[in-house]
Structures are given as C-alpha cells and as structure tokens.
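Working notes for the structure below.
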C-alpha cells in the first residue's frame, strides 16, 4: 500500500497492468492514456486499474498525491470469486469505466476503508487474509452499486445495444487478440456478421475492429521490443505469432520498420 504517493504504479510507456490497482487522488491531477483515449484523474477520483488494461502516464501536476494499493492476481481473483453471482457485464464495465468521482462524504468512506485495510495488513493475526478479502469485497460492492445505477439509467435503445456489442467485442478482443486477428472470429462469437460488427464498432468507438486488433498487437510488440532482455524469438512466443518471419511481416506492414529497426530506434 502506498500513502501520499506522488506517482501512479504505471509508466510513461504504454504497458499492460499486470495486477489490480485501486486508489484515490488526494490532490493535484494526472493525465493518463488508456488505449487511444486520454483521461484526467482529479481530486476525489477513485481509480481502479483492472489487470490487462493498456495504460500510460502522460503527465502529473507538481502536487499530485494519491493513496493506492495493489492486489496480486491470486488475491484479486479470490475477491472476485466471492461476488461471481453478479452480472458478468460488471467486470467489463470496470475495465472501461475505471474512474469514479466521489463527493466528500463518500471519499471519507473510501479513506476509512483504506486506513482499515492498511491496519489489518500490518497485524499478524489469524484469519487476516479472510478479513482483508471481506473489506475488499465491500469496496467492490460499492463499485457494483455504481454499475447498477448505470444499468438502471440506460434506455433500451438501438444506440445502447450498439454500445453493448462494442463493449462485448472489446472484452473478447482483450482475451483473444494474440491468437485471433481476424474479425470473423469475433463476429462468430458475438453471433453477428463481420460487416455489422465492423460498422457498429467503427460508429461507437471511432475505429474498426481490425484497427483495434492491430493497434493492440502493435502496442504490445513495441513494449516488448523496448525490453532489451527479450530476444525476437521470445517476443514471438509471447505474442503467439507462428514464427519470427510472421511477426516481422506483420510489424513491418503496419510500421514500415522491422522489429530490429524499431528496437534500435528506441535506444
């Protein structure tokens, strides 16, 4: 747990969040990028970075201060399992709506949770893990209440259905873009035609499904290429290309550079 931190647990290079991070902005602000969109974290904003989000810090103000804690994936899924009877859309919702502005009173509630969690972590008592999971469950239940309010205020319109389809595509893509780069795979899974999926995603997000898949793939490859400890073969395995040649062709087609040329340009 980090108190009065002046930085966020993410870097200025686009990278995937390996674990869950939950925190609150105390003062100042931070500008971040998630995918291709920019967001600003303001005072009293709770932020929840779910595992697998592609984020980077653009800038922070001089007096930016935040309290946050991170959850290992094991711990995170232990908490999630306690609320698995909820709508599966809840977790997709949290991946796309990670900022929660709070009024003063609710901010104090969150700070109370944070202080209590911090004290429980320091106490070497029996059932400490169970107590911490119970506290975290309360936080996630509050987030779920926000999700329910969102659902209740939506109208069952064509626009809403299109947004839902785009949301489901995005969630499916996050889990499958390494192995499946063809739009037909996602269209089949979502029980719509490729043409309709492309039209809807383009209309609601500004980018086609194909562009989203390519952009996510390129961002991951570029991030891995910046890690000098990984050779091209290891990157090929991680990104699940058939071989180095396939990776090289894909990368050069969309960047006009070979992976090696890109790596050299970053040093």
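Residue numbers (the numbering used here): 32 to 298. Where a beta carbon is used, it is the ideal one built from N, C-alpha and C, also for glycine.
Those residues which DSSP pairs with residue i across a bridge
i	result
residue 130	78
residue 88	63
residue 264	The partner list for residue 264 (beta bridge, DSSP) is empty, contrary to what the question assumes.
residue 69	64
residue 96	58
residue 47	85
Among the options, nearest to residue i - alpha-carbon criterion
i	options	result
residue 200	209, 191, 214 and 210	214
residue 168	125, 152 and 111	111
residue 294	266, 151 and 257	257
residue 164	125, 145, 33 and 225	145
residue 86	55, 92 and 46	46
residue 194	93, 273 and 124	124
residue 95	282, 149, 55 and 84	55
residue 250	64, 35 and 57	64
residue 62	231, 79, 88 and 51	88
residue 58	211, 253, 265 and 75	75
residue 179	113, 274, 210 and 121	121
residue 67	160, 281, 91 and 244	244
residue 166	151, 177 and 176	151
residue 41	242, 50 and 35	50
residue 52	77, 101 and 35	101
residue 209	241, 107 and 109	241
residue 78	104, 126 and 282	126
DSSP-derived helix/strand/coil call for residue i
i	result
residue 102	strand
residue 201	helix
residue 17	Residue 17 lies beyond the range of the chain shown here (32 to 298); nothing can be said about it.
residue 258	coil
residue 35	strand
residue 54	strand
residue 283	helix
residue 41	coil
residue 167	helix
residue 144	helix
residue 271	coil
residue 298	coil
residue 196	helix
residue 113	coil
residue 278	helix
Neighbour-count burial assignment, residue i, 16 or more Cβ in a 10 Å radius
i	result
residue 197	buried
residue 97	buried
residue 134	exposed
residue 277	exposed
residue 267	buried
residue 43	exposed
residue 132	exposed
residue 29	In the structure as shown, the chain begins at 32 and stops at 298. Residue 29 is therefore absent and cannot be evaluated.
residue 296	exposed
residue 39	buried
residue 93	exposed
residue 298	exposed
residue 172	exposed
residue 224	exposed
residue 228	buried
Proximity test, Cβ basis, 8 Å: residue i and chain C
i	result
residue 183	Of the protein chains in this structure there is only one, and it is not chain C.
The ligand GTP heavy atom lying under 7 Å from the CB of residue i
i	result
residue 214	Of ligands this structure carries none, so the ligand GTP is not represented either.
| Which ranges does the alpha helix (DSSP H) cover as unbroken runs of at least 4 residues, wholly within the region 204-255, from first to last along the chain? | The qualifying runs are 214-221 and 225-236.
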